[in-house]
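Presented below is the structure to which this report refers.
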Amino acid sequence: MGRSHCLVSLAFLMVLFVPALSHGSRHRRSGWHLAHATFYGDMQGGDTMQGACGYGDLYQQGYGLETTALSTALFNNGLTCGACFEIMCVNEPQWCIPNAGSIKVTATNFCPPNYNPPNFDHWCNPPQEHFDLSMKMFTKIAIYRAGIIPVMYRRVPCNKSGGVKFEMKGNPYWLLVLLYNVASAGDVTQVSIKGSSNTGWKSMSRVWGQNWVTGSNLVGQALSFQVTTSDGKMMEFDNVAPSNWQFGQSYETYQNF
3 MGRSHCLVSL AFLMVLFVPA LSHGSRHRRS GWHLAHATFY GDMQGGDTMQ
53 GACGYGDLYQ QGYGLETTAL STALFNNGLT CGACFEIMCV NEPQWCIPNA
103 GSIKVTATNF CPPNYNPPNF DHWCNPPQEH FDLSMKMFTK IAIYRAGIIP
153 VMYRRVPCNK SGGVKFEMKG NPYWLLVLLY NVASAGDVTQ VSIKGSSNTG
203 WKSMSRVWGQ NWVTGSNLVG QALSFQVTTS DGKMMEFDNV APSNWQFGQS
253 YETYQNF
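Using our numbering, you'd call the opening residue of the sequence shown number 3 and step up by one each time.
Here you go:
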């Protein structure tokens, strides 16, 4: 089948199915979009840990292998870390698994562009929207040998168990906080912090992925946070970490989005 014929067929498929599939969810935004997907690592998750979002051990953080790396167009310099997507294989009957339905994954890594050789069209180069799935998730919707498949995707709410979690790193002169296990929109856009000895909130700066930093010395103080997600919702988490909190430790709240 020719490339133009494939595109026409896929556009026709979107007209038929997108309205019904995207009905009734406030997080699905503008509905379904066209992209491509491949996979990296192995069935045990090799190479998928320690990704560009800063989550570290994805098993320990609760994400497991239900994850994806995003191309530059989707990664948004790390602001999309933590967002959730629903993905289905389309228009490739040779490779799509019949009646496989869709998968849901969390963005935990970055699929970097490749400009070598120059002008070669790699899948993760902008402006292409591309998902580099864990192998486990890829093989739920397509045959392993496919390598690269056309997909349709949409943003969906993140369903997480338990509360938002905060991991403390750094030293007395600066505090780096990793936010993870964020439900609903999933991706965090703004964080403020307050120590128990202070009266005002201080904005934190995002340094990479979902790691946020402050230069204030807050050792010995109980810590509270204000967190805003990409859908504009803000929640206040009071006394997340007790006054004897330690670097290298994680603290879970009783609340989530």
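Don't be surprised by glycine CBs; every beta carbon is placed ideally from N, CA and C. None of these values were measured; they are calculated from a predicted model.
Presumed contact (8 Å Cβ cut-off) between residue i and residue j, rounded CB distance
i, j, result
"residue 226", "residue 239", "6 Å"
"residue 206", "residue 191", "Going by Cβ atoms, the distance from residue 206 to residue 191 rounds to 12 Å, so no, they are not a contact pair."
"residue 167", "residue 252", "5 Å"
"residue 128", "residue 74", "5 Å"
"residue 88", "residue 184", "So it is not a contact: roughly 17 Å between Cβ atoms."
"residue 135", "residue 39", "6 Å"
"residue 257", "residue 165", "5 Å"
In DSSP terms, what residue i is bridged to
i, result
"residue 177", "172, 216"
"residue 252", "169"
"residue 197", "225"
"residue 101", "None, per the DSSP bridge assignment."
"residue 182", "167"
"residue 210", "213"
"residue 190", "231"
"residue 88", "106, 156"
"residue 161", "Note: residue 161 sits in no beta bridge, so no partner."
"residue 132", "38"
"residue 112", "72"
Which listed residue (the options) has its alpha carbon closest to that of residue i
i, options, result
"residue 160", "182, 90, 144, 172", "182"
"residue 295", "114, 194, 186", "Because the chain is modelled from 3 through 259, residue 295 falls outside the range shown and cannot be assessed."
"residue 214", "195, 179, 64", "179"
"residue 140", "119, 210, 90, 65", "90"
"residue 48", "69, 33, 36", "69"
"residue 235", "241, 195, 188", "188"
"residue 55", "212, 237, 220, 223", "212"
"residue 44", "63, 130, 149, 224", "149"
"residue 67", "46, 92, 38", "46"
"residue 132", "174, 204, 36, 257", "36"
"residue 197", "113, 224, 71, 114", "224"
"residue 41", "164, 137, 255, 194", "137"
"residue 93", "144, 208, 209", "144"
"residue 172", "204, 163, 147, 209", "209"
"residue 1", "64, 60, 76, 58", "The requested residue 1 is not part of the displayed model; the chain covers only 3 to 259."
"residue 174", "51, 220, 34", "220"
"residue 194", "237, 164, 257, 130", "237"
"residue 126", "77, 146, 170, 95", "77"
"residue 115", "71, 255, 204, 146", "71"
Range covered by the alpha helix (DSSP H) that runs through residue i
i, result
"residue 143", "137-143"
"residue 77", "74-77"
Segment limits, beta strand (DSSP E) that includes residue i
i, result
"residue 151", "151-158"
"residue 226", "225-231"
"residue 42", "35-42"
"residue 242", "236-243"
Any C-beta of chain C under 9 Å from that of residue i
i, result
"residue 188", "In the structure shown, chain C cannot be found, because there is only a single protein chain."
* **Cβ contact (3+ pairs, closer than 8 Å) linking the stretch 98-108 and the stretch 224-233** => no
* Asked: Between the stretch 79-87 and the stretch 105-112, do at least 3 Cβ pairs fall closer than 8 Å?
  -> yes
* Using 8 Å as the threshold, is the stretch 240-248 in touch with the stretch 140-156, meaning 3 or more CB pairs across them? -> no
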